Amino acid sequence: MNPYALEAAFFYLFSAMIIGSALLVVLFRNIVRSAFALFFTLFGVAGIYVLLGADFVGVTQVLIYIGGVLILIVFGVMLTHRSYSVDMFNRLGTLVMGAVSAIVTFTIIYYAVRRAPWYSVGYKPALPTTQPIGKELLTTYLLPFELVSVLLVLAMIGAAYLIRSEVTTARERSPITKTGDNDSGLTPEVSSTGVKERGK
Amino acid sequence: MMMINFSSAFIFIVVGVVFVAVTLLIARLVRPAEPNVVKMSNYECGEDPIGYSWITFNIRFYIIALIFVIFDVEVVFLFPWAVVFKSIGWIAFWDVLIFIVILLFGFAYVWNMGDLDWIKDLGNLKESEDKQ
Numbered sequence: 316m317n318p319y320a321l322e323a324a325f326f327y328l329f330s331a332m333i334i335g336s337a338l339l340v341v342l343f344r345n346i347v348r349s350a351f352a353l354f355f356t357l358f359g360v361a362g363i364y365v366l367l368g369a370d371f372v373g374v375t376q377v378l379i380y381i382g383g384v385l386i387l388i389v390f391g392v393m394l395t396h397r398s399y400s401v402d403m404f405n406r407l408g409t410l411v412m413g414a415v416s417a418i419v420t421f422t423i424i425y426y427a428v429r430r431a432p433w434y435s436v437g438y439k440p441a442l443p444t445t446q447p448i449g450k451e452l453l454t455t456y457l458l459p460f461e462l463v464s465v466l467l468v469l470a471m472i473g474a475a476y477l478i479r480s481e482v483t484t485a486r487e488r489s490p491i492t493k494t495g496d497n498d499s500g501l502t503p504e505v506s507s508t509g510v511k512e513r514g515k
Numbered sequence: 017m018m019m020i021n022f023s024s025a026f027i028f029i030v031v032g033v034v035f036v037a038v039t040l041l042i043a044r045l046v047r048p049a050e051p052n053v054v055k056m057s058n059y060e061c062g063e064d065p066i067g068y069s070w071i072t073f074n075i076r077f078y079i080i081a082l083i084f085v086i087f088d089v090e091v092v093f094l095f096p097w098a099v100v101f102k103s104i105g106w107i108a109f110w111d112v113l114i115f116i117v118i119l120l121f122g123f124a125y126v127w128n129m130g131d132l133d134w135i136k137d138l139g140n141l142k143e144s145e146d147k148q
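Residue numbers (my numbering), protein chains in the order written: chain A, 316 to 515; chain B, 17 to 148.
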């Protein structure tokens with residue numbers, strides 16, 4: 316079979332998957348269903364990456380976006396108070412504005428695609444990219460590689476700090492677990508007084 | 017060669033999806049449709065379900081999920097390292113050791129600040145069990 320035709324077939328398959336599921340993300344009124352449809356969008360994008368010969372980026376897409384970020388989104392939905400029963404819909408005014416911005420965005424992308432000089436290099440079989448990436452990371456780009464871990468630590472500490480204050484305020488607000496505790500966490504003794512107070 | 021490997025993964029996914037879909041379709045064709053109240057209720061390990069199953073989660077799950085995403089990204093950086101480890105040698109080992117030790121500082125921080133503790137809930141649970 317012609318490799319061009321096969322690749323084109325897969326390209327259209329993944330494109331249909333991305334566009335269709337992205338439409339469902341917007342159109343579903345139940346936000347949990349939107350999150351589930353997002354899975355297919357992200358997976359289709361991973362398929363496009365692989366078709367472009369970027370195998371490492373494709374696997375990263377599956378690992379981080381599907382395995383991590385999507386789970387985070389679902390968690391966020393479930394943490395939000397009663398967000399699952401909220402009917403999501405837009406008013407007519409936002410519909411008009413959305414249509415205008417969609418048309419403008421499409422026009423910009425269309426002209427960018429038409430005006431870009433596309434160079435063709437002919438058909439070349441894609442080679443695995445993980446090994447060259449690893450070699451470059453550990454030799455040429457060693458300092459950025461180590462700085463990535465610093466960035467990750469900063470992100471982790473910042474996120475934990477922000478959420479910790481959320482947890483504390485949520486606990487202070489809710490009457491059931493209100494114990495007047497501090498940031499360092501409840502010891503069982505402190506929480507036992509909380510239970511006794513509740514029993515009164 | 018690379019595309020052949022990915023296409024075998026793709027075939028694996030397609031077979032998995034088709035397998036489940038066909039099984040459910042056959043079950044739908046064969047089974048009798050007699051819904052009643054007990055049958056339509058949620059299954060909770062044989063217990064009678066109380067309330068709505070879509071409860072709001074404890075926000076502490078979110079901290080755990082965020083820390084998981086951070087270490088997910090770390091694992092992605094370890095993949096290319098593992099592929100070239102043999103050809104580069106021991107210097108690669110020390111490079112990645114520094115990478116991981118820096119991340120362990122963040123882990124030590126969240127551990128030390130009690131973000132990973134579940135004892136808060138455990139204490140409440142124990143007390144309410146004693147009362148019963």
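Glycine is no exception: its CB is placed at the ideal position from the N, C-alpha and C atoms.
The model shown is predicted, which means the values in this text are computed figures rather than measured ones.
Residues of chain B with a Cβ closer than 7 Å to the Cβ of A/Leu-453 are, in chain order, Trp-97, Val-100, Ile-104, Ala-108 and Asp-111.
DSSP places B/Glu-50 in the coil class of the three-state scheme, outside both helix and strand.
The way I'd put it, the segment 103-114 of chain B does touch the segment 448-458 of chain A; three or more beta-carbon pairs between them come closer than 8 Å.
As DSSP reads the structure, B/Glu-63 sits in a beta bridge with B/Glu-60. Put simply, the backbone Cα of A/Ser-336 is about 44 Å away from that of B/Trp-110.
Counting along the chain, the unbroken alpha helix (DSSP H) around A/Thr-445 starts and ends at 445-453.
Here A/Lys-439 carries a coil assignment [DSSP, helix/strand/coil].
The beta carbons of B/Phe-77 and A/Phe-390 sit closer together than 9 Å. Around the C-beta of A/Ser-464, 16 or more other C-beta atoms lie within 10 Å, and the residue is accordingly described as buried. For A/Ile-388, same chain residues with a beta-carbon under 8 Å away, outside a window of 5 residues either side, are Ala-350 and Leu-353 in chain order.
Burial check for B/Leu-82: the Cβ neighbour count within 10 Å reaches 16 or more, so the residue is buried.
The beta-carbon of B/Gly-122 is placed less than 9 Å from the nearest beta-carbon of chain A. Residue nearest to B/Met-18 within the set A/Thr-375, A/Val-365 and A/Val-392 is A/Val-365 (criterion: CA-CA distance). Annotation for A/Asn-317: no alpha helix (DSSP H) segment contains it, and DSSP assigns it neither H nor E.
In the assembly as shown, B/Ala-37 is an exposed residue. Its beta-carbon has fewer than 16 other beta-carbons within 10 Å.
Collapsing the DSSP output to three states places B/Trp-127 in a helix. Residue environment for A/Tyr-327: exposed (fewer than 16 other C-beta atoms within 10 angstroms of its C-beta).
Your pair B/Phe-95 and A/Thr-445 checks out as a contact, with CB atoms roughly 6 Å apart and the cut at 8 Å.
Inclusion of A/Ala-441 and A/Asp-370 in the CB contact set at 9 Å is warranted, their separation being smaller than that value.
Not one beta carbon of chain B lies nearer than 9 Å to the beta carbon of A/Pro-432. Taking the Cβ atoms as the reference, A/Phe-329 lies roughly 5 Å from A/Gly-359, within the contact range of under 8 Å. For the set B/Val-126, B/Tyr-125 and B/Val-117, the Cα lying nearest the Cα of A/Leu-462 is the one of B/Val-117. Look at B/Ile-75 here: in three-state DSSP terms it is coil, with no helix or strand label.
Taking 3 residues as the shortest admissible run, the segment 87-111 of chain B contains no complete beta strand (DSSP E) segment at all. For A/Lys-439, no Cβ of chain B is located within less than 9 Å of the residue's own Cβ. Interface criterion met: the Cβ of A/Ile-386 is under 9 Å from a Cβ in chain B. The alpha carbon of A/Tyr-319 has as its nearest neighbour, out of A/Thr-422, A/Leu-467, A/Ala-475 and A/Lys-439, the alpha carbon of A/Lys-439. The contact set of B/Val-89 on chain A, defined by CB atoms closer than 7 Å, consists of Ile-379 and Leu-467 in chain order.
Taking 9 Å as the threshold, the shortest C-beta distance from B/Phe-77 to chain A falls below it.
Your pair A/Thr-356 and A/Ile-379 does not check out as a contact, with CB atoms roughly 15 Å apart and the cut at 8 Å.
Listed along chain B, the residues sitting closer than 8 Å to A/Arg-479 by beta-carbon distance are Ile-79, Met-129 and Asp-131.
For A/Tyr-434, the three-state secondary structure derived from DSSP is coil. For B/Thr-39, the nearest beta carbon of chain A is not closer than 9 Å to its own beta carbon.
In the three-state reduction of the DSSP assignment, B/Asn-21 falls in the helix class.
Only residues of its own chain outside the window of five on either side were considered, and among them Leu-366 have a CB closer than 7 Å to the CB of A/Glu-322, listed in chain order.
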